[in-house]
Amino acid sequence: MLSDELKTQIQLAYRASLDAKSHKPRAGQRQMIGAIARTLGNIKQGSEGERLEEKHVAVIEAGTGTGKTLSYCLAAIPIAKARGLKLIISTATVALQEQILHKELPDLLDHTELNFKYTLAKGRGRYLCLNNLEGFLSSEEQSMDDMFAGLFEQHLHSDDVNTILYQEMDAALQKGDWDGDKDNWAGIVRDQDWRRLTTDHQQCTNRNCANYSACPFFKARAEIEVADVIVANHDLVLADLSLGGGAILTPPKETIYVFDEGHHLPDKAIGHFRHEVRLQQSITWLRQLEKNLVNLKQELTDDVSLTGQLLLKIPQQIQSIVNFIQYAQQGLAPYIQGLGLDQENNQHRFEFGQIPDELRQLAYSLQTSYQKLFNNIESIQDECKKTKQNEGMGVTPETAETWQPILGVILGRLEQSIGLWRLYSAVDDQNFPPNARWLVLSGQGMEQDIELGGSPILAANTLRQQLWDKCFGAVVTSATLTALNQFHRFNMRSGVPRESEYLRVISPFHFQENGLLVVPDMENEPNKVEQHTAEIVAYLDGHVNTEKGSLVLFSSRRQMEEVAQSVSAELQEILLMQGEQSKRVILDSHKSRIDDGKGSLLLGLASFAEGVDLPGDYLTCVYIAKIPFAVPDDPVEATLAEWIQKRGGNPFMEITIPDASLRLVQATGRLLRSEKDSGEIHILDKRLRTKRYGAQLINSLPPYKYQ
Numbered sequence: 001m002l003s004d005e006l007k008t009q010i011q012l013a014y015r016a017s018l019d020a021k022s023h024k025p026r027a028g029q030r031q032m033i034g035a036i037a038r039t040l041g042n043i044k045q046g047s048e049g050e051r052l053e054e055k056h057v058a059v060i061e062a063g064t065g066t067g068k069t070l071s072y073c074l075a076a077i078p079i080a081k082a083r084g085l086k087l088i089i090s091t092a093t094v095a096l097q098e099q100i101l102h103k104e105l106p107d108l109l110d111h112t113e114l115n116f117k118y119t120l121a122k123g124r125g126r127y128l129c130l131n132n133l134e135g136f137l138s139s140e141e142q143s144m145d146d147m148f149a150g151l152f153e154q155h156l157h158s159d160d161v162n163t164i165l166y167q168e169m170d171a172a173l174q175k176g177d178w179d180g181d182k183d184n185w186a187g188i189v190r191d192q193d194w195r196r197l198t199t200d201h202q203q204c205t206n207r208n209c210a211n212y213s214a215c216p217f218f219k220a221r222a223e224i225e226v227a228d229v230i231v232a233n234h235d236l237v238l239a240d241l242s243l244g245g246g247a248i249l250t251p252p253k254e255t256i257y258v259f260d261e262g263h264h265l266p267d268k269a270i271g272h273f274r275h276e277v278r279l280q281q282s283i284t285w286l287r288q289l290e291k292n293l294v295n296l297k298q299e300l301t302d303d304v305s306l307t308g309q310l311l312l313k314i315p316q317q318i319q320s321i322v323n324f325i326q327y328a329q330q331g332l333a334p335y336i337q338g339l340g341l342d343q344e345n346n347q348h349r350f351e352f353g354q355i356p357d358e359l360r361q362l363a364y365s366l367q368t369s370y371q372k373l374f375n376n377i378e379s380i381q382d383e384c385k386k387t388k389q390n391e392g393m394g395v396t397p398e399t400a401e402t403w404q405p406i407l408g409v410i411l412g413r414l415e416q417s418i419g420l421w422r423l424y425s426a427v428d429d430q431n432f433p434p435n436a437r438w439l440v441l442s443g444q445g446m447e448q449d450i451e452l453g454g455s456p457i458l459a460a461n462t463l464r465q466q467l468w469d470k471c472f473g474a475v476v477t478s479a480t481l482t483a484l485n486q487f488h489r490f491n492m493r494s495g496v497p498r499e500s501e502y503l504r505v506i507s508p509f510h511f512q513e514n515g516l517l518v519v520p521d522m523e524n525e526p527n528k529v530e531q532h533t534a535e536i537v538a539y540l541d542g543h544v545n546t547e548k549g550s551l552v553l554f555s556s557r558r559q560m561e562e563v564a565q566s567v568s569a570e571l572q573e574i575l576l577m578q579g580e581q582s583k584r585v586i587l588d589s590h591k592s593r594i595d596d597g598k599g600s601l602l603l604g605l606a607s608f609a610e611g612v613d614l615p616g617d618y619l620t621c622v623y624i625a626k627i628p629f630a631v632p633d634d635p636v637e638a639t640l641a642e643w644i645q646k647r648g649g650n651p652f653m654e655i656t657i658p659d660a661s662l663r664l665v666q667a668t669g670r671l672l673r674s675e676k677d678s679g680e681i682h683i684l685d686k687r688l689r690t691k692r693y694g695a696q697l698i699n700s701l702p703p704y705k706y707q
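Numbering-wise, UniProt numbering puts 100 at position 100 of the sequence shown, and it's gapless, one number per residue.
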């Protein structure tokens with residue numbers, strides 16, 4: 001039960017926050033604070049602080065303008081502190097993360113009596129590895145780099161190494177002007193330059209590293225230990241959960257999670273368990289690995305040591321894996337020769353994710369063979385680690401220091417292959433949705449290769465086991481969690497407990513007065529691409545105000561580019577198209593034009609339909625080329641549709657329409673970003689008027705004035 005003391009603390013903090021900004025209480029905001037406080041405050045704890053209650057998750061759709069960030073911070077921070085738990089606030093975008101870090105949390109500390117420490121959590125990939133930097137500033141690294149050419153994807157030839165940049169970074173570290181965080185580096189860093197300087201959990205030697213005490217990542221990790229509130233992103237949270245939880249962040253059982261922009265969580269989770277492996281590329285890499293491990297054997301001080309014995313086994317293990325892959329290539333030949341291969345995208349999707357028995361048996365053999373190779377190389381890496389304590393046999397400290405991170409990279413690559421072959425060798429449980437499995441033919445001639453892919457079609461079961469069942473409590477919130485005004489879509493994809501608290505908070509915006517929705521009487525449906533594109537061009541030429549800020553959203557890059565080339569010269573003068581420059585540069589250019597009293601016409605794809613914030617005069621008209629239906633050739637979505645149909649459902653009504661509804665709400669949501677905004681939305685798709693589902697989609701939108 002939420003104590004009176006906590007209730008009072010939350011109420012006082014809310015009043016103080018509103019007074020500081022001269023804001024009035026919002027009904028929706030109070031609803032949201034109350035729902036979160038009830039859910040988290042009513043969780044019973046055992047003698048050791050563990051959760052005893054099952055109703056520990058709140059799912060809240062909060063319309064734009066609700067002030068959801070303040071709501072969950074006010075409710076969750078006092079409760080987490082009172083219960084001795086960490087609060088992790090996870091977002092999907094950097095923009096929201098920065099808003100929370102640099103505005104919302106500092107404001108709470110400044111204007112309320114709440115007292116807490118907060119920090120930003122990032123993965124290892126955002127931090128410099130001091131060992132790698134030292135290596136690139138030494139002459140030995142150049143020869144080592146050439147020695148391992150072809151083994152690592154991030155390999156650079158010696159003349160590609162940006163030594164000047166690395167020297168500048170080293171100097172900045174020595175002076176204390178930089179903390180090793182990529183995001184805090186003042187200059188521009190190319191991906192290929194940074195990739196060589198960072199590390200992952202397999203390569204990192206942790207406390208065995210000579211630079212452990214000065215390591216930027218572990219310094220940042222120490223801040224997590226003392227922080228009450230940790231700001232992270234969905235990818236980092238999922239990466240931590242996939243490692244068992246508590247490897248990067250705090251253990252789930254000791255954590256309350258808030259997932260802002262939570263509608264992204266299911267798709268992010270699927271991405272973490274998606275695997276793709278190219279067969280011929282794997283053979284080439286394994287052959288290269290075998291050659292490189294010969295170099296390690298030559299550096300041993302004792303051939304009969306454990307390391308020496310393990311290295312003796314590896315060539316035979318690699319040959320066994322190569323043989324199995326070649327058998328798989330032969331078995332897949334009929335699919336490549338036209339048996340169900342989609343010629344347009346060179347893809348074959350196995351129906352219901354079911355692969356031939358012989359391929360599944362080969363996959364099992366490959367999984368076990370890869371696992372044996374992985375175990376041997378991991379044992380060699382362990383011997384390298386032991387050398388630090390003078391316990392390793394057959395390896396000198398210098399050799400161990402060189403090889404330990406290299407072996408980490410190798411283990412990471414082997415993990416990817418094990419994941420794919422494990423997924424292909426599994427027989428799916430009929431009580432759960434199947435896994436999608438497919439192959440793609442890539443390249444031509446001598447470069448041709450077969451890529452096998454596999455993925456869960458829903459993340460529900462995985463999230464349930466690794467997140468919802470383990471965490472102390474959680475809040476999932478977003479402006480778009482419902483589809484067709486129901487939570488069913490999110491529940492199916494996320495696996496949140498049925499007992500969760502659900503709430504829809506209506507936006508305080510005056511949609512009827514400030515927003516006009518126009519669905520013009522177009523002649524052609526979007527499937528008549530040329531005619532529809534010509535109609536869009538004519539419509540934009542006739543309706544776009546060249547003195548205002550406008551946005552046109554497309555589902556097809558080709559159509560966007562054709563429209564950009566075909567509109568009038570007057571519109572082309574003010575046109576900015578996605579892809580011509582970075583997203584940030586394009587948006588800044590758009591704002592600059594409006595600030596100068598000029599017009600600007602933005603053309604964008606899906607990434608411009610979400611997360612783009614152009615309030616006031618920056619955007620007064622949104623044009624949507626067509627209903628944003630999903631791309632039909634995605635193998636994961638196709639297998640999901642197949643599974644629903646097999647169960648007697650209607651994939652179009654259960655997946656396609658709800659997904660389109662969600663995207664349409666997000667796209668139209670670009671228009672009104674504050675209570676003072678106003679403008680028009682034009683959807684250039686006649687199916688909203690002529691199809692039965694059109695009315696459903698219109699009714700799922702905010703209550704704009706409809707024309």
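The beta-carbon is built from N, C-alpha and C at its ideal position, and this holds for glycine as well.
Helix, strand or coil: how does DSSP classify TYR706 here?
TYR706: strand per DSSP, three-state reduction.
Hey, how far is the Cα of ARG190 from the Cα of ASN514?
When rounded, the distance between both Cα atoms is 44 angstroms.
My guess is that LEU553 and TYR706 are in contact by the Cβ rule of under 8 angstroms, so how many angstroms apart are they, rounded?
In fact, because the Cβ distance is near 19 angstroms, the residues do not count as touching under 8 angstroms.
Tell me where the beta strand (DSSP E) around LEU503 begins and ends.
Its beta strand (DSSP E) spans residues 501-505.
If you drop the 5 nearest sequence neighbours on each side, which residues of the same chain put their C-beta closer than 7 angstroms to that of TYR72?
The residues are ILE36, VAL258, VAL475, THR477.
Give me the Cα-Cα distance between ASN115 and ASP193, rounded to the nearest whole angstrom.
Cα to Cα, the separation comes out at about 41 angstroms.
Going by C-alpha distance, which of LEU70, ARG83, PRO635 is nearest SER47?
Selected option, being the one with the closest Cα: ARG83.
Can you tell me the Cα-Cα spacing of LEU74 and ILE60, whole angstroms?
Rounded to the nearest angstrom, the two C-alpha atoms are 15 angstroms apart.
Please confirm whether ALA76 and ILE256 have their CB atoms less than 8 angstroms apart.
For ALA76 and ILE256, yes; Cβs fall inside 8 angstroms.
Assuming LEU601 and VAL544 make a contact with CB atoms under 8 angstroms, what is their CB distance in whole Å?
Correct: roughly 6 angstroms between the Cβ atoms.
Please determine if the stretch 413-425 and the stretch 259-277 are in contact, where contact requires at least 3 C-beta pairs separated by less than 8 angstroms.
Touching, yes, given that three or more Cβ pairs across the two stretches are closer than 8 angstroms.
From the DSSP output, in three-state form, read off LYS386 for me.
DSSP places LYS386 in helix when its eight states are reduced to three.
Quick check on DSSP: helix, strand or coil for GLY453?
DSSP places GLY453 in strand when its eight states are reduced to three.
Compare the beta carbon distance of LEU640 and LEU359 with 8 angstroms and say whether it is the shorter of the two.
Result no, Cβ atoms of LEU640 and LEU359 do not sit closer than 8 angstroms.
With GLN31 as the anchor, note down where its alpha helix (DSSP H) starts and where it stops.
Element bounds for GLN31: 27-41.
Tell me whether residue 719 sits in a helix, a strand or coil according to DSSP, three-state version.
Shown here, the chain extends from 1 to 707; a query on residue 719 therefore has no answer.
Could you tell me which residues DSSP pairs with GLU276 in its beta bridges?
Answer by DSSP bridge pairing, in chain order: GLY453.
Going by beta-carbon coordinates alone, are GLN317 and SER242 separated by less than 8 angstroms?
Taking 8 angstroms as the Cβ cut-off, GLN317 and SER242 do not qualify as a contacting pair.
Would you mind sorting LEU684 into buried or exposed? The rule is 16 or more other CB atoms within 10 Å of its CB.
Buried: at least 16 other Cβ atoms inside 10 Å.
Select from ILE380, LEU664, LEU12, GLY443 the residue whose C-alpha is nearest the C-alpha of LEU296.
Considering only alpha carbons, the answer is ILE380.
From ALA667, LEU249, LEU452, THR205, pick the residue whose C-alpha is nearest to that of GLN404; which is it?
Taking only the C-alpha atoms, the option nearest GLN404 is THR205.
Take LEU128 and list the residues in its own chain whose beta-carbon comes closer than 6 angstroms to its own, dropping the five residues that flank it on each side.
Cβ neighbours of LEU128 beyond the five flanking positions: GLY180, LEU197, PRO216.
Should PRO252 be labelled buried (16 or more other beta-carbon atoms within 10 Å of its own) or exposed?
Label assigned to PRO252: buried.
Can you give me the Cβ contacts of VAL537 inside the same chain, cut-off strictly under 6 angstroms, excluding the 5 residues immediately before and after it?
The residues are VAL563, SER566, VAL567.
Rank ARG38, ARG26, LEU238 by C-alpha distance to the C-alpha of THR250 and give the top, closest one.
Cα-wise, what sits closest to THR250 is LEU238.
For ALA609, which residues from the same chain have a beta carbon less than 6 angstroms from its beta carbon, with the 5 sequence-adjacent residues on both sides left out?
LEU553, GLN666, ALA667, listed in sequence order.
Measuring CA to CA, which of SER700, GLY669, ILE10, LYS55 is closest to GLY34?
It is ILE10 whose Cα lies nearest to the Cα of GLY34.
Measuring CA to CA, which of ILE624, ILE410, ALA333, ASN162 is closest to LEU439?
Nearest of ILE624, ILE410, ALA333, ASN162 to LEU439, Cα basis: ALA333.
Expressed to the nearest angstrom, what Euclidean distance is found between the alpha-carbon atoms of TYR166 and PRO632?
About 45 angstroms.
Return the Cβ separation of ALA20 and HIS111 in integer angstroms, given the expectation that the two are a contact with Cβ distance under 8 angstroms.
Right, the Cβ-Cβ distance comes to about 4 angstroms (below 8 angstroms), so this counts as a contact.
In the structure shown, what three-state DSSP assignment does HIS201 receive?
If DSSP states are grouped into helix, strand and coil, HIS201 belongs with coil.
Just the Cα atoms here: how many angstroms apart are LYS55 and ASP659?
When rounded, the distance between both Cα atoms is 27 angstroms.
Among residues of its own chain, excluding the 5 on either side of LEU310, which ones have a beta-carbon nearer than 7 angstroms to its beta-carbon?
Correct list, in chain order: ASN376, SER379, ILE380.
DSSP beta-bridge partners for THR91?
THR91 pairs with ASN233.
DSSP puts TYR618 in a beta bridge; with which residues?
Note: TYR618 sits in no beta bridge, so no partner.
With C-beta atoms as the reference, is PHE509 less than 8 angstroms away from THR64?
Result yes, Cβ atoms of PHE509 and THR64 sit closer than 8 angstroms.
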